[in-house]
Structure formats: structure tokens, C-alpha cells
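Colleague: Residue numbers 1 to 147, in our numbering, belong to the letters of the sequence shown in order.
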Amino acid sequence: MVVALVLWLAAALSVLLYLIVRRMRFTQAFHFPGPRAWPLLGNCHLLLGTQSDFFRLCNRLGTENPGGVFQLWVGMRPFVFLYKSDVIKPLMTSSSHLEKNFEYSLTRRWLGNGLITSKDEEWQKHRKMLTSCFHFNILKEFSLPVW
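1. Could you compute how far the alpha carbon of Leu7 sits from the alpha carbon of Met1?
2. Let's see if you can read the secondary structure: which residues bound the alpha helix (DSSP H) around Phe54?
3. Whose CA, out of Leu41, Phe30, Leu91, lies closest to the CA of Val74?
4. If you compare alpha carbons, which of Lys128, Gly112, Tyr18, Phe32 is closest to Pro66?
5. In the structure shown, what three-state DSSP assignment does Arg22 receive?
6. According to DSSP, what are the bridge partners of Leu82?
7. Between Leu17, Phe54, Leu57, which has its C-alpha nearest Leu39's C-alpha?
8. Give the secondary structure of Arg36 by DSSP, where H, G and I count as helix, E and B as strand, and everything else as coil.
9. Have a look at the DSSP bridge pairing and note the partners of Val74.
10. Can you tell me the Cα-Cα spacing of Gln71 and Ala10, whole angstroms?
11. Mind reading off the beta-carbon distance from Val87 to Gly68? Whole number of angstroms is fine, and I expect it under 8 Å.
12. Rounded C-beta distance between Leu57 and Leu46? I'm assuming under 8 Å.
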């Protein structure tokens, strides 16, 4: 009986401590809309399908949120997704936040080593090359709409 009570108190204290730490570490992430996350698991239950299921989920969440920004929790880590081009453009054209998190290395096999996944120096090299290729005058020849 005493052992069960001690185990129950330890479990309750662990959950309480988890909630306090999560709140302190990720206060800013709670401002983004997204599906409700489960304790410890986050939104992992939504990620159990195929890649097509994941893209459909992202498409649904991106269109449901008018700002084009939403979050998914994988375990205890928040991932913020940018869905609309007007939200992504300032991030992709800025050179102030080029250092990538560990998670980018997980997508390298899938996305390659391009503008999204490359590090500082490599990103700037690729960006210079692409800027000259997609100059407005070149795009006018193809009658493509330019933002």
C-alpha cells in the first residue's frame, strides 16, 4: 500500500514537473495555432501515417489557420510550420538566421543540401547563384508572374 502511494506521488510529481518545465521552455510556442498536443507525446499520433498523410495534414492545418503559420509538437519539441508564401519570403530572403537546428540534418536525405538545409557559407553561395538565374528580366522572358 505504501509503495503504491509513493509510486503514485512520484508519477504525479513527475507530470507536474513536466508541465512546469514545458510551460517555462516553450511559452512563446504556445502562441501559434495548432492541434492540441498530448503530454509527453505531443502530436505524434497525427504523424503515424504515410508521407502523403503528413502533407495532407499540413495542407489542412495551413489552410485552416488564416495566418499560414501553425505548430506541431513532436514529443516535447515544438515545430513551427510556415504555409503561405508571404510568411516564408522574409525568412528565406533574410541572411540573419542561417544557423540550422539539428532537425534540418534529418531532412537532408529527403531535401538534399539546398537553400533550406545548407549552412551559412553554402547558403550564401547558392543564393547568389539562384538570384542571378531568377533575375526579373530573365523571368519576364518566360511571362511568369513575379511577386
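Idealized CB from N, CA, C, for every residue including glycine. Note that the coordinates shown come from a computational prediction; the quantities given were computed from them, not determined experimentally.
Modeller: Answer, in terms of the structure:
1. For Leu7 and Met1, the distance between alpha carbons rounds to 10 Å.
2. 51-64
3. Nearest to Val74 by alpha-carbon distance, out of Leu41, Phe30, Leu91, is Leu41.
4. Phe32
5. helix
6. Val69
7. Residue identity check: residue 39 is Pro in the sequence provided, not Leu. Checking every option, the nearest Cα to that of Pro39 belongs to Leu17.
8. Residue state, collapsed to three classes: coil.
9. Bridge pairing for Val74: Gly42, Arg77 [DSSP].
10. 31 Å
11. 5 Å
12. 6 Å
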